[in-house]
Amino acid sequence: CGPCRAMFQTGKWATDIGCFRNNIMLPANVKPLGAYMEEAGYETAYVGKWHLASDGELEKKPTIDHTVTAIPRELRGGYTGFWRTSDVLEFTSHGYDGFVFDENDNRIDFTGYRVDCITDFALEFLEQYRGEKPFFMTVSHIEPHHQNDHHHYEGPIGSKEKYANFTSPKDLEVLGGNHREEYPDYLGQCASLDKNLGRLVNKLKEMGIYEDTVIIYLADHGSHFMTRNQDAHLNGYDDYKRSMHDACLRVPLVVTGGEFTGGGVVTDLISTAGLPKTILGIAGVDVGDKMIGEDFADVLHKTDPDRPNEVFAQISESRVGRAIRTADYAYSVYAPGINGGAQPAADLYADDFFYDLKKDPYELNNLIDDPAYTQVKQELRKKLLKWIRLAENAEPEIVDG
Numbered sequence: 030c031g032p033c034r035a036m037f038q039t040g041k042w043a044t045d046i047g048c049f050r051n052n053i054m055l056p057a058n059v060k061p062l063g064a065y066m067e068e069a070g071y072e073t074a075y076v077g078k079w080h081l082a083s084d085g086e087l088e089k090k091p092t093i094d095h096t097v098t099a100i101p102r103e104l105r106g107g108y109t110g111f112w113r114t115s116d117v118l119e120f121t122s123h124g125y126d127g128f129v130f131d132e133n134d135n136r137i138d139f140t141g142y143r144v145d146c147i148t149d150f151a152l153e154f155l156e157q158y159r160g161e162k163p164f165f166m167t168v169s170h171i172e173p174h175h176q177n178d179h180h181h182y183e184g185p186i187g188s189k190e191k192y193a194n195f196t197s198p199k200d201l202e203v204l205g206g207n208h209r210e211e212y213p214d215y216l217g218q219c220a221s222l223d224k225n226l227g228r229l230v231n232k233l234k235e236m237g238i239y240e241d242t243v244i245i246y247l248a249d250h251g252s253h254f255m256t257r258n259q260d261a262h263l264n265g266y267d268d269y270k271r272s273m274h275d276a277c278l279r280v281p282l283v284v285t286g287g288e289f290t291g292g293g294v295v296t297d298l299i300s301t302a303g304l305p306k307t308i309l310g311i312a313g314v315d316v317g318d319k320m321i322g323e324d325f326a327d328v329l330h331k332t333d334p335d336r337p338n339e340v341f342a343q344i345s346e347s348r349v350g351r352a353i354r355t356a357d358y359a360y361s362v363y364a365p366g367i368n369g370g371a372q373p374a375a376d377l378y379a380d381d382f383f384y385d386l387k388k389d390p391y392e393l394n395n396l397i398d399d400p401a402y403t404q405v406k407q408e409l410r411k412k413l414l415k416w417i418r419l420a421e422n423a424e425p426e427i428v429d430g
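30 is the number of the first residue of the sequence shown in the numbering used here; add one for each residue after it.
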């Protein structure tokens, strides 16, 4: 949650700005995305979950706590416009009720299914939009996410019945977890998100601005439904998402509008780390190397023939980990003896997971100690160390597990 959102708002690696786990607020000395967009002449709006304005230890009450109160203006990441937001939306709401705060710190209560209500706030912005400037709006739903205090996913009423006969993804079918109970509500949440995106699209068309609007649809993490992080290397906390496996790392990404037209599918691996640079590129702002990642338009147009088709990931809270994902393999390491919420990085890592994705796309057979893959693993280890040097300016050692 927090680390990915921090990258989205800054274009910096989470470890670079100190936001390597939840309960760490955005640093004041980094120029955020909202400020860039407003400087570029955009009217901004932010709706939903923020998760970057409280500070403290993990799983404890923050020492600087805006989890259930209005977020001060100086902690809003440069957004000065329309604001219907809660720092930790899962703490100020449930599936069918809750509250957020507006730009003037007024509490706004809502009743109804949460995805519908958050979308209502986004529609409220569009209804008052006068078109004097282009707009940049983020609609930050919590769904599909479990309800923390209820320990369950909360889809629309009737989801359990409607999706009772679902087909399990192969990894969940084999590993189990709690997906038999939770997946119907998860599917209900996803269906509600799709329906409500349709409401926004219809509004844009009604206003006559759909053809001039770029829409980006994505998530900050997936869910393994308690099928991962059951191993002896777990050193910290996890519920559904703090893992290197595809169920967590692989998220939806759909971009439409502008130069992203034609209904094509890009099979190249890309990282959400490039999202802020992509957004600014759409807005005509070239930040160069001030931000990490790559403009997705460059991937679309294949401007770099030497581009490495791989993704780097930093893992926290469940362990201090690093991972690399290529088209054929996934490889990760962990820091022995270090709690995942205690520090952002380590000097020593050890082998954790290795998967041959062509033979094992559901990551069911960990080949980390298989001698047949020693050479491939060593090559991936070199690539991973290169990424760590680039992202963290560090030279750790990686040893066999």
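Backbone N, C-alpha and C fix where the C-beta goes; we use that ideal spot for every residue, glycine too. Because the structure is a prediction, the values reported are computed rather than measured.
Proximity of residue i and residue j at Cβ, strictly below 9 Å
i: Asp214; j: Tyr192; result: yes
i: Tyr378; j: Arg351; result: yes
i: Ile311; j: Gly287; result: yes
i: Ser361; j: Met273; result: yes
i: Phe111; j: Met66; result: no
i: Gly366; j: Asn264; result: yes
i: Leu104; j: Val168; result: no
i: Asp249; j: Cys30; result: yes
i: Ser221; j: Gly251; result: no
i: Asp267; j: Arg279; result: no
i: Ala82; j: Gly313; result: no
i: Arg143; j: Gly160; result: no
i: Ile147; j: Gly77; result: yes
i: Thr109; j: Tyr125; result: no
i: Ser345; j: Pro32; result: yes
i: Asp45; j: Ala326; result: no
i: Leu304; j: Met36; result: yes
i: Lys412; j: Ile353; result: yes
Local Cβ density within 10 Å of residue i, reported as buried at 16 or more and exposed below that
i: Asp200; result: buried
i: Asn133; result: exposed
i: Val340; result: buried
i: Ala356; result: exposed
i: Lys306; result: buried
i: Leu62; result: buried
i: Ala261; result: exposed
i: Arg136; result: exposed
i: Arg410; result: buried
i: Ala276; result: buried
i: Lys406; result: buried
i: Ala99; result: buried
i: Lys89; result: exposed
i: Ala302; result: buried
i: Val294; result: exposed
i: Arg209; result: exposed
i: Pro337; result: exposed
i: Ala423; result: exposed
i: Lys234; result: exposed
Selected residue, minimal CA-CA separation from residue i, among the options
i: Lys388; options: Gly291, Tyr358, Ala352; result: Tyr358
i: Arg102; options: Phe130, Asp268, Asn422; result: Phe130
i: Arg28; options: Leu396, Ala375, Asn395; result: In this structure the chain extends from 30 to 430, so residue 28 is not present and cannot be described.
i: Leu204; options: Val144, Val314, Asn394; result: Asn394
i: Phe150; options: Ile308, Val349, Asn225, Ala69; result: Asn225
i: Asp43; options: Ile427, Gly430, Ala342; result: The amino acid at residue 43 is misidentified as Asp; the sequence shows Ala. Among Ile427, Gly430, Ala342, the Cα nearest to that of Ala43 is on Ala342.
i: Leu414; options: Tyr363, Asp398, Ile397, Gln372; result: Tyr363
i: Ala371; options: Ile427, Gln407, Val349; result: Val349
i: Glu72; options: Gln157, Cys146, Thr196; result: Gln157
i: His95; options: Met54, Glu172, Tyr75; result: Met54
i: Asn177; options: His123, Glu153, Asn422; result: His123
i: Ile321; options: Thr39, Pro32, Arg34; result: Thr39
i: Phe154; options: Arg113, Leu118, Lys319; result: Arg113
i: Trp79; options: Asp241, His180, Thr290, Asp116; result: Asp116
i: Asp381; options: Gln259, Ala326, Glu424; result: Gln259
i: Pro400; options: Gln218, Gly430, Glu202; result: Gly430
i: Ala57; options: Asp84, Ala74, Tyr75; result: Asp84
i: Glu392; options: Pro425, Leu329, Arg50, His253; result: His253
i: Ser347; options: Leu309, Asp138, His181, Gly369; result: Gly369
i: Ala64; options: Ile299, Asn52, Val316, Thr290; result: Val316
i: Pro334; options: Tyr212, Val283, Asp297, Asn194; result: Asp297
i: Asp138; options: Gly106, Met255, Lys162, Val97; result: Val97
i: Leu329; options: Asp318, Thr290, Lys319, Leu309; result: Thr290
For residue i, the residue or residues it bridges with in DSSP
i: Thr114; result: Gly77, Phe130
i: Ala342; result: Ala352
i: Glu72; result: Phe164
i: Leu289; result: Residue 289 is actually Phe in this sequence, not Leu. Answer is Gly286, bridged to Phe289.
i: Thr242; result: Per DSSP, none; premise fails for Thr242.
Residue i CB to nearest heavy atom of the ligand HEM below 8 Å
i: Ile238; result: This structure does not include the ligand HEM; it has no bound ligands of any sort.
Please list the segments of the alpha helix (DSSP H) lying wholly inside the stretch 303-328, counting only runs of 4 or more residues, in order along the chain.
304-311
Segments assigned alpha helix (DSSP H), at least 4 residues, entirely inside the stretch 214-276
none
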